[in-house]
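Novice: Each residue of the sequence shown is one higher than the one before, counting from 66 in my numbering.
Shown below is the structure under consideration.
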Amino acid sequence: MMDTPPATNSGPGAASEAGPTRSLLSALRSVAARLSRGPNAAIVALGAILVATLLVALVRNFAPEPLAHALGLRVDEVDRIAHDALLVLLAIGLGAWGAVAAAAWKRTRGHVERIDEALSSMNVGLAVWDGDDRLIECNEAFRAIYPEIREHLVAGVGYERLLRIYYPLAPAEVIGGRSEEQFVADAMRRRRGGRVTELVRHHKDRWLMMTDARGADGSIVSFRLDISEQRLLDLELRKRHKVMDDLAELSYDWYWRQDADGRLVEFSPTMEQRLGYPRQTLLGRKDAELPGFQADPGELAAYRQCVEARQPFPWFRFRATRGDGTPVWVAVTGKPIFDETGTFIGYYGAGRDVTDSEATIIALRHSEERFRALTKLATEWYWETDEALRFALVKGPPELVEPLQDTLLGKPVGDFVNHPNVDVDWPALSRHFERREAFRRVPFRLKRDMRGRPGYYEVSAEPMFDGGTFAGFRGLVWDVTEREALIAQLTDSEARFRALTELSSDWFWEMDASLRFTSIRRGAHGAFDLADDEVIGKQRWELPGELIQPATWEEHRATLEAHKPFRDLMLRHMKADGSVVYHISSGDPIFDDKGEFRGYRGVGKNITEQVRAQERIERLATVDPLTQLPNRQTFDERAGRVLAKAYAEGRRCALLFVDLDNFRLLNNGYGHRVGDQMLSIVAGRMRSIVAEPNLLGRRGGDEMVILLTDVPRPEVATETAQALIKAIAEPARVLGMEVSVTPSVGIAFFPQDGADIDSLLNAADAAMYQAKESGRRTYSFFTPAVARRVDLRLRLEQRLRKAVEARDFKLFYQPLVSLADGKMIGAEALIRWKDVELGDISPAEFIPIAEESGLIIGLGDWVLREACRARQVWRQLGLDVPPLAINMSGVQLRQLGCVEGLLETLVEFEVAPSEVEVEVTETGLLDTSAVSRENLIRLRNAGVKLALDDFGVGFSSLSHLRDLPIHRLKIDRSFTVECMRDARTLTIVKAVIEMARSLGISVTAEGIETQAQQTWMQHLGCDTAQGYLFARPMPADEFLKAFIDRRGLGRERSLMH
């Protein structure tokens, strides 16, 4: 028989023991396998172990008997198995933790190494200090800035210790003459604040921007940036601008440039000085929008004719008001500017302050007008020349002109003025002819006129143009011979009268050497309201009376103490009865035979009546005596000031031109007495309707005007006109008769219908005639054309409001091209609107309306959402379209929720901030409001790129670029075109590009339309470009097709030709 092995337990207990053991080993193998897969698997296994451990502990401590019974084991066997399982699970857990810790340490060490590499490669000096100002670490750039103490920049060294080591070694520019204690104290003081940034001199011609920022735990981070090259560039730009300004001022008083709309976009500083306004007040204004603008209608028409024909214009003179309120006369000349395609883009030219010469001309003109009113003897001739300055027409009084026609017709002007019988300043006059400019009241003399006697004349003329082509001159000649004779007679008469009345007076007086009255006769009581003996022994300034002339008693005493004669010392004195008297005194010093000063002797005169008469004359000169309303001249002067102030404050005004219907019939039927009284009644009723500060005035006859100085709504003018019509039409009793008149009212608005009082009056006058044609006793706005424009604007706003509600717009896209390889690196989203009633409407028309009405907020939100929606669709199609640029209005930028709304939209459409570029104009970026600035910074910090659009239109200071949170600068199309042919523009563009590149700002050239422009702007350093040369703005489907076509072969084709 074979030996058999010893028997084994083959009951249920043996099988149950082997089963749990195998299960436990299988679980451990699974855990080990997970640990081998890496730290993430280890974390999962560790979690499983913790759960298993918890279960084993619960079974062992709370339910061992049921488990033993279920497994067919004894309780002590179950306890042993659970004990062994816990030990194994603990070992596995420790292994899992080790795997996780090792992986975490490996990743941390990798991050630290990459941070160290980044700090070492920075070109900005960086140092970190603990709360006790001891150095923790600094990078290589920081050590390079301070080579003198390089070996001392080690961890643990104190900041004050470094300062004292650095003091004897530092360059003289850094020390600045300070003692060691002062140097250390100044440096330590900088570090006490939360964050301090300073620009300091480091070495000769070297500058540092130093920033020390203290954290909440007291530690400090120091940054040091060498900005020497940037500062040198700033200084060089200032020098160049100064040289250019000085050169311009050597030729004229100032230079200027206007855009295609005639608005000032550039001028030299002298213009600010001469006109007395800050730069921002003048920028963007037209000539006619300057405060107090007035011009001769003929000259203004000739000037506008040249401008409309895009022709050079000679010296155009106009009147304006300086910043201090004084008048100034300005003369400007200019030439048109065209781009290489022949498109008109503006004017450039020069200006002069001609106030002195114009004042002389005005004085002569006023003098002539006064003498014309007195004598009515002036005679006029009219003449014309052809383009060769040959006399072509001479008309006037036959007895004077006919003898000249054979002599003048067909002959050059020069032959006449150079005739021996003619005495004239031909060199000065010829300059006017050569420059083809108007001239006024140039005098000349005929030694013998047609009547055989000396003749005096004045000539005025203006150039004629036919379709922009010079066609000759036309002008008038005034015979002022009688006026000159009258002036001579008056001068001679005045001299004789003065000689006879030199000593006429009301009283006589004498003073001693101490300037005290010793004698006064014939009038002390009338002069001083005192008895004679109350005057004797007193000095003049001790007597009653207010000094009028000279300005101070000190000035008069200086004259007396110098023993000089004085004339017309004027005083005003209120007498006991309340009446006011004016008197003047004149005196001469008295000297004895030895030349010793003995006092003064003189006369005095009561001039109260003369003063009163002068006051009456001045009132008559400003007020219409019949209606007591300001007369034409006074109204125009006051209205000019009001309009200038309204323009500066952005207020709208309204001019109402009131004309009484059929007033001539009233005058003819009832007589002028009735008509005059009716005018006075009408004026009173107008005063009851129109209160100050609004202005009223009488133009003459039955024409009156009203200037409403603040009209926020057109309805204000309408309501005033209706009230006037109702009040004036009420019947009135005049000389026992019931009389009534009705008015017609024309309304014109400032500045829409006229930029100055003359043009505004013309507009309102035209509207008044339209009211008359509409049936009288009504009002009308300017002209039908103006009314249509106002209606169109209101209609456009209404349609725009509906379009915003209905989202009735489209987005077009224009590629942004890299000039390096011609590839599209981005696109700009551009809004387009085609109204069902009005057709295609340019953004230049509806965007300003949207900004004024507040619709720009909803419009801008639609553009953002539509662009993001398109980008989301393109991404879902698998297309990697470059970032999109979206325009943002300055109105949007000033909204408090601007940034939140934009970021929420990006999240909604799953668009990353880096995929969007926000373009803001200079006005938006340079907005000084805190909200705008904060929104710009928050957008940049959120990862949204910012671009400065249309740079150059506002002519911002280049120094602003350093402070603006932008990554792209887009040069305006006008600069792109102009820099190829204008040296000054080229200098500006170069400076902009160089500064932008030095600040790490990408530069885009806008409006590239020709290959030459592309090559030129690329040569100047532009990175990217945009324009019709590459692609026009396209609808989304066309843009997408073009993008797919260029990427269809696996690589993008160049857009450059």
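Ideal Cβ positions, reconstructed from N, Cα and C, are used throughout, including at glycine.
Taking the alpha-carbon positions, what's the Ala686 to Ala678 distance?
Specialist: Here the question's residue 686 lines up with position 621 in the sequence shown. Here the question's residue 678 lines up with position 613 in the sequence shown. Going from the Cα of Ala686 to the Cα of Ala678 covers about 12 Å.
Novice: Just verifying my parser: in three-state terms, what is the DSSP assignment at Arg1111?
Specialist: Mapped onto the sequence shown, residue 1111 falls at position 1046. In this structure, Arg1111 counts as helix in the three-state DSSP scheme.
Novice: Among the residues of its own chain, which have a CB less than 7 Å from the CB of Ala1180, if the five just before and after it don't count?
Specialist: Outside the shown range of the chain (66 to 1122) lies residue 1180, about which nothing can therefore be said.
Novice: Under 8 Å by Cβ, that's how I've got Leu865 and Ile914 pegged, so tell me the actual separation to the nearest angstrom.
Specialist: What you label residue 865 is simply residue 800 of the sequence shown in a count that begins at 1. What you label residue 914 is simply residue 849 of the sequence shown in a count that begins at 1. Rounded, the Cβ-Cβ distance is 6 Å, consistent with contact.
Novice: Apply the 10 Å Cβ neighbour rule to Lys1010 and answer buried if 16 or more other Cβ atoms are within range, or exposed otherwise.
Specialist: What you label residue 1010 is simply residue 945 of the sequence shown in a count that begins at 1. Classification for Lys1010: buried.
Novice: Smallest Cα separation from Gln742: which of Ala792, Pro468 and Leu800?
Specialist: Mapped onto the sequence shown, residue 742 falls at position 677. Nearest option by C-alpha distance: Leu800.
Novice: Could you tell me whether the Cβ atoms of Val964 and Arg1003 are closer together than 7 Å?
Specialist: Here residue 964 corresponds to residue number 899 of the sequence shown, with the count starting at 1. Here residue 1003 corresponds to residue number 938 of the sequence shown, with the count starting at 1. Against a cut-off of 7 Å, the Cβ pair of Arg1003 and Val964 comes out as a contact.
Novice: For Arg897, which residues in the same chain have their Cβ closer than 6 Å to its Cβ, ignoring the five residues on either side in sequence?
Specialist: On the sequence shown, residue 897 is found 832 positions in, with the first residue counted as 1. Answer for Arg897: Lys875 and Phe877, listed in chain order.
Novice: Can you grab the Cα-Cα spacing for the pair Arg500 / Lys512, in whole Å?
Specialist: As a working mapping, residue 500 is identified with position 435 in the sequence shown. As a working mapping, residue 512 is identified with position 447 in the sequence shown. Arg500 and Lys512: Cα-Cα distance of roughly 29 Å.
Novice: Any idea what DSSP makes of Ser809, helix, strand or coil?
Specialist: For the purposes of this step, residue 809 is taken as residue 744 along the sequence shown, with counting starting at 1. Looking at Ser809 - three-state DSSP - the assignment turns out to be strand.
Novice: Please confirm whether Leu228 and Val249 have their CB atoms less than 7 Å apart.
Specialist: The residue you call residue 228 lines up with position 163 of the sequence shown. The residue you call residue 249 lines up with position 184 of the sequence shown. Cβ atoms of Leu228 and Val249: closer than 7 Å.
Novice: Compute the distance between the beta-carbons of Arg339 and Asp418, then report whether it is under 7 Å.
Specialist: Taking the first residue of the sequence shown as position 1, residue 339 is located at position 274. Taking the first residue of the sequence shown as position 1, residue 418 is located at position 353. Taking 7 Å as the Cβ cut-off, Arg339 and Asp418 qualify as a contacting pair.
Novice: Does the contact criterion of 3 or more C-beta pairs under 8 Å hold for the stretch 390–404 versus the stretch 284–301?
Specialist: No, the stretch 390–404 is not in contact with the stretch 284–301.
Novice: So what's Gly537 in DSSP terms, helix, strand or just coil?
Specialist: On the sequence shown, position 472 is the one that residue 537 refers to. Three-state result, Gly537: strand.
Novice: Based on Cα-Cα distance, which residue from Tyr735, Asp198 and Phe1104 lies nearest to Ala935?
Specialist: Your numbering for residue 935 matches position 870 in the sequence shown. When each option's Cα is compared against that of Ala935, the closest is Phe1104.
Novice: Would you mind reading off the limits of the alpha helix (DSSP H) that contains Ala788?
Specialist: What you label residue 788 is simply residue 723 of the sequence shown in a count that begins at 1. Unbroken alpha helix (DSSP H) run through Ala788: Pro779 to Ile793.
Novice: Rounded to whole angstroms, what is the Cα-Cα separation between Tyr665 and Met635?
Specialist: Along the sequence shown, one-based indexing puts residue 665 at 600. Along the sequence shown, one-based indexing puts residue 635 at 570. Cα to Cα, Tyr665 sits roughly 17 Å from Met635.
Novice: Can you list, in chain order, the residues of its chain whose CB lies under 6 Å from that of Arg208, leaving out five sequence neighbours each side?
Specialist: Within the sequence shown, the letter at position 143 stands for residue 208. The residues are Arg215 and Leu218.
Novice: Mapping the DSSP letters down to three states, classify Leu1051 as helix, strand or coil.
Specialist: Along the sequence shown, one-based indexing puts residue 1051 at 986. Leu1051 falls in the helix class under three-state DSSP.
Novice: Please confirm whether Phe1095 and Pro779 have their CB atoms less than 7 Å apart.
Specialist: Taking the sequence shown and counting its residues from 1, the one referred to as residue 1095 is at position 1030. Taking the sequence shown and counting its residues from 1, the one referred to as residue 779 is at position 714. No; because the gap between Cβ atoms is not below 7 Å, this pair is not in contact.
Novice: Verify whether the separation of the beta carbon atoms of Arg725 and Val781 is less than 7 Å.
Specialist: For the purposes of this step, residue 725 is taken as residue 660 along the sequence shown, with counting starting at 1. For the purposes of this step, residue 781 is taken as residue 716 along the sequence shown, with counting starting at 1. Before going further, note that residue 725 is Leu rather than Arg in the sequence given. Going by C-beta atoms, Leu725 is not nearer than 7 Å to Val781.
Novice: So is Gln359 buried or exposed if we call it buried at 16+ other beta carbons inside 10 Å?
Specialist: In the sequence shown, the residue the question calls residue 359 occupies position 294. Counting Cβ neighbours within 10 Å, Gln359 comes out buried, since at least 16 surround it.
Novice: Would you list the residues sitting across from Pro978 in a DSSP beta bridge?
Specialist: If you number the sequence shown from 1, residue 978 lands on position 913. BP columns for Pro978 are empty, so no partner.
Novice: Does DSSP put Ala513 in a helix, a strand or coil?
Specialist: Taking the sequence shown and counting its residues from 1, one reaches residue 513 at position 448. This sequence places Arg at residue 513; Ala is not what is there. Arg513 falls in the coil class under three-state DSSP.
Novice: Does the beta-carbon of Trp448 have 16 or more other beta-carbons within 10 angstroms, so that it is buried, or is it exposed?
Specialist: Start at 1 with the first residue of the sequence shown, and residue 448 comes out as number 383. Trp448 should be labelled buried.
Novice: Please name the residue in Pro401, Thr583, Thr1089 and Gly610 whose C-alpha comes closest to that of Ala325.
Specialist: Translated into positions along the sequence shown, residue 325 becomes position 260. Of Pro401, Thr583, Thr1089 and Gly610, the residue nearest in Cα terms is Pro401.
Novice: Locate the alpha helix (DSSP H) running through Gln1078, then write down its first and last residues.
Specialist: If you number the sequence shown from 1, residue 1078 lands on position 1013. Its alpha helix (DSSP H) spans residues Gln1076 to Leu1085.
Novice: Where do the N-terminal and C-terminal ends of the alpha helix (DSSP H) with Gln359 fall, by residue?
Specialist: Within the sequence shown, residue 359 is the residue found at index 294, counting from 1. Per DSSP, Gln359 belongs to no alpha helix (DSSP H) and is neither H nor E.
Novice: Along the chain, where does the alpha helix (DSSP H) that runs through His16 open and close?
Specialist: The first residue shown for the chain is 66 and the last is 1122, placing residue 16 beyond what the model contains.
Novice: Ordered along the chain, which non-local residues of its own chain (more than five positions away) have a Cβ less than 6 Å from that of Ser997?
Specialist: As a working mapping, residue 997 is identified with position 932 in the sequence shown. Same-chain partners within the cutoff: Leu958 and Arg959.
Novice: Is there contact here, the stretch 237–248 with the stretch 266–285, by at least three beta-carbon pairs under 8 Å?
Specialist: Counting Cβ pairs under 8 Å, three or more are found: they touch.
Novice: I'd like the list of long-range same chain contacts for Ala748, defined as Cβ closer than 6 Å, with 5 residues on each side in sequence excluded.
Specialist: Numbered from 1 along the sequence shown, position 683 holds the residue referred to as residue 748. Result list for Ala748: Thr692 and Leu694, in chain order.
Novice: Kindly list the residues whose CB is nearer than 6 Å to the CB of Gly327, restricted to its own chain and excluding five residues on each side of it in sequence; keep chain order.
Specialist: Residue numbering aside, residue 327 sits at position 262 when the sequence shown is read from its first letter. Closer than 6 Å at Cβ, skipping near neighbours: Lys351.
Novice: Cutting at 6 Å between CB atoms, please list the residues of its own chain near Val976, excluding the five before and the five after it.
Specialist: Taking the sequence shown and counting its residues from 1, one reaches residue 976 at position 911. Answer for Val976: Cys933 and Arg936, listed in chain order.
Novice: For Asp1102, does the three-state DSSP call read helix, strand or coil?
Specialist: Numbered from 1 along the sequence shown, position 1037 holds the residue referred to as residue 1102. In this structure, Asp1102 counts as helix in the three-state DSSP scheme.
Novice: When you compare the CB positions of Gly602 and Arg581, do they come within less than 7 Å of one another, or not?
Specialist: Locating residue 602 in the sequence shown gives position 537, where the first residue counts as 1. Locating residue 581 in the sequence shown gives position 516, where the first residue counts as 1. Contact: yes.
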